[in-house]
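Going left to right, the sequence shown walks through residues 394 to 664 as the working numbering numbers them. For glycine and all other residues, C-beta sits at the position ideal for the given N, C-alpha and C. It should be emphasised that the depicted structure is a prediction, and the values quoted were computed from it without experimental measurement.
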Amino acid sequence: ENIILDDKREIDFNDGTITDNTRASYPIHYIPNAVLPSRGGHPDTVVFLTADAFGVLPPISRLTPEQAMYHYLSGYTAKVAGTERGVTEPVVTFSSCFGAPFLPRHPGVYAEMLGEKLRKHGAKVWLVNTGWTGGAYGVGTRMKLEYTRAMVNSALAGELDDADYVTDPVFGLEVPSSVPGVPDDVLQPRATWADADEYDTSAQRLAEMFKENFKKFADQVSEPIRTAGPPPSRDRIGARVRGSALNSRPRVQHKIAGRRGVNSTRVPLVR
Numbered sequence: 394e395n396i397i398l399d400d401k402r403e404i405d406f407n408d409g410t411i412t413d414n415t416r417a418s419y420p421i422h423y424i425p426n427a428v429l430p431s432r433g434g435h436p437d438t439v440v441f442l443t444a445d446a447f448g449v450l451p452p453i454s455r456l457t458p459e460q461a462m463y464h465y466l467s468g469y470t471a472k473v474a475g476t477e478r479g480v481t482e483p484v485v486t487f488s489s490c491f492g493a494p495f496l497p498r499h500p501g502v503y504a505e506m507l508g509e510k511l512r513k514h515g516a517k518v519w520l521v522n523t524g525w526t527g528g529a530y531g532v533g534t535r536m537k538l539e540y541t542r543a544m545v546n547s548a549l550a551g552e553l554d555d556a557d558y559v560t561d562p563v564f565g566l567e568v569p570s571s572v573p574g575v576p577d578d579v580l581q582p583r584a585t586w587a588d589a590d591e592y593d594t595s596a597q598r599l600a601e602m603f604k605e606n607f608k609k610f611a612d613q614v615s616e617p618i619r620t621a622g623p624p625p626s627r628d629r630i631g632a633r634v635r636g637s638a639l640n641s642r643p644r645v646q647h648k649i650a651g652r653r654g655v656n657s658t659r660v661p662l663v664r
């Protein structure tokens, strides 16, 4: 699929004129160690991956079925360099069900199916952010792989079932207070930023993007799903414990790259 044939009708794998994304299929019995039938049971744990280029989402959050449906519909992530041709820095995007181009029916249909399966089989759902921490792209750093592995392993092992949780006031997500092998401050994104006010601004901006994007689903989903995203905006200045004095740094505007079909997003960063 999506291949180029030369004048002799032979495949030219070096020709990327149309796309670099080519595919091939073959009978599964061609694989000597294939397990047949290739079908597993229902999962006990479901993990949604997102790469947050704003650096404001918690690295791991426990989702209710309604929140799982909301974030499944939202499909928020950032395309990173190497995933698509022409992408050299993160591109913020919302792709319904994390695969909008491949959905023949309205995304709400699949979200309802997901919710039904989650409730029927009691599967736990986690939103894992492998994106940036300590600041947005260009200032912060990518989440360490060892931390992501520790969080996912803990979730799979049931070690977070009885953990203490705090609710993120911007996104309404339940975040564990501690995870074995992960520094506690990493679990609370605001604590990793040099300027908490900068974090608040960026977090609120992303929350508003979630709300704006979800408007297209509002009349197709139930009320519990509509209200499972970021809560209404409110003054949070007095609601946060700031700890020690924070450095005040000048704001600059950094553009997270845009491409056809995706709106560019300007994110306030600190130097």
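Taking 6 Å as the cut-off, is the beta-carbon of K604 closer than that to any non-hydrogen atom of the ligand SAM?
The ligand SAM is absent from the structure shown, which contains no ligand whatsoever.
Judging by CA-CA distance, which residue of R432, D561 and A600 is the nearest neighbour of L456?
Locating residue 456 in the sequence shown gives position 63, counting from the first residue. When each option's Cα is compared against that of L456, the closest is D561.
Indicate the three-state DSSP secondary structure (helix, strand or coil) for T412 in the structure shown.
Mapped onto the sequence shown, residue 412 falls at position 19. The answer is coil: DSSP assigns T412 none of H, G, I, E or B.
C-beta contact flag for Y530 and A446 at 7 Å:
For the purposes of this step, residue 530 is identified with residue 137 of the sequence shown, where counting begins at 1. For the purposes of this step, residue 446 is identified with residue 53 of the sequence shown, where counting begins at 1. If you check the CB distance, Y530 and A446 come in under 7 Å.
Taking all protein chains shown into account, decide if R629 is buried (16 or more other Cβ within 10 angstroms of its Cβ) or exposed.
Here residue 629 refers to the residue found at position 236 of the sequence shown. With a pLDDT of only 46 at R629, under 50, the local geometry of the prediction cannot be trusted, and the value read off the model is given with reservation. The residue in question, R629, is exposed, as its Cβ has fewer than 16 Cβ neighbours within 10 Å.
Taking only runs of the beta strand (DSSP E) that begin and end inside the stretch 567 to 629, which ones reach a length of at least 3 residues, in chain order?
You should have 567 to 569.
Do A556 and P569 have their CB atoms nearer than 7 Å?
The residue labelled residue 556 in the question sits at position 163 within the sequence shown. The residue labelled residue 569 in the question sits at position 176 within the sequence shown. Closer than 7 Å, so yes.
Only counting the same chain, and skipping five residues up and downstream in sequence, which positions put a Cβ closer than 7 Å to that of T585?
To locate residue 585, count along the sequence shown from 1; it is residue 192. Counting only residues of its own chain and dropping the five nearest sequence neighbours on each side, T585 has a CB closer than 7 Å to the CB of T526, G527, D578 and V579.
Would you tell me roughly how many angstroms separate the C-alpha atoms of K608 and D590, rounded to the nearest one?
Taking the first residue of the sequence shown as position 1, residue 608 is located at position 215. Taking the first residue of the sequence shown as position 1, residue 590 is located at position 197. Those two C-alpha atoms are separated by around 28 Å.
Should D400 go down as buried or exposed, given a rule of 16 or more other Cβ atoms within 10 Å for buried?
Translated into the one-based positions of the sequence shown, residue 400 becomes position 7. Exposed: under 16 other Cβ atoms inside 10 Å.
Could you spell out where the alpha helix (DSSP H) holding V545 opens and where it closes?
In the sequence shown, counting from the first residue as 1, residue 545 sits at position 152. Unbroken alpha helix (DSSP H) run through V545: L538 to L549.
Those residues which DSSP pairs with R455 across a bridge
The sequence position of residue 455 within the sequence shown is 62, counting from 1. DSSP lists W519 and E567 as partners of R455.
Give me the residue from H422, P436 and D437 with the minimum Cα distance to P430.
As a first step, residue 430 must be located in the sequence shown, where it is residue number 37. It is H422 whose Cα lies nearest to the Cα of P430.
Taking the C-alpha atoms as reference points, what is the distance between F491 and F610?
Locating residue 491 in the sequence shown gives position 98, where the first residue counts as 1. Locating residue 610 in the sequence shown gives position 217, where the first residue counts as 1. Cα to Cα, the separation comes out at about 15 Å.
Applying the 10 Å Cβ sphere with the 16-neighbour rule, what's the burial state of E605?
Your numbering for residue 605 matches position 212 in the sequence shown. E605 comes out exposed.
According to DSSP, simplified to helix, strand and coil, what is V660?
Locating residue 660 in the sequence shown gives position 267, counting from the first residue. Any answer about V660 is weak, because its pLDDT of 42 lies below 50 and its placement is not dependable; what the coordinates show is given next. Residue state for V660 is assigned as strand, using DSSP reduced to three classes.
For the alpha helix (DSSP H) holding K513, just list the boundary residues, first then last.
Reading the sequence shown from its first residue, position 120 is the one you call residue 513. According to the DSSP assignment, K513 belongs to the alpha helix (DSSP H) that extends over P500 to H514.
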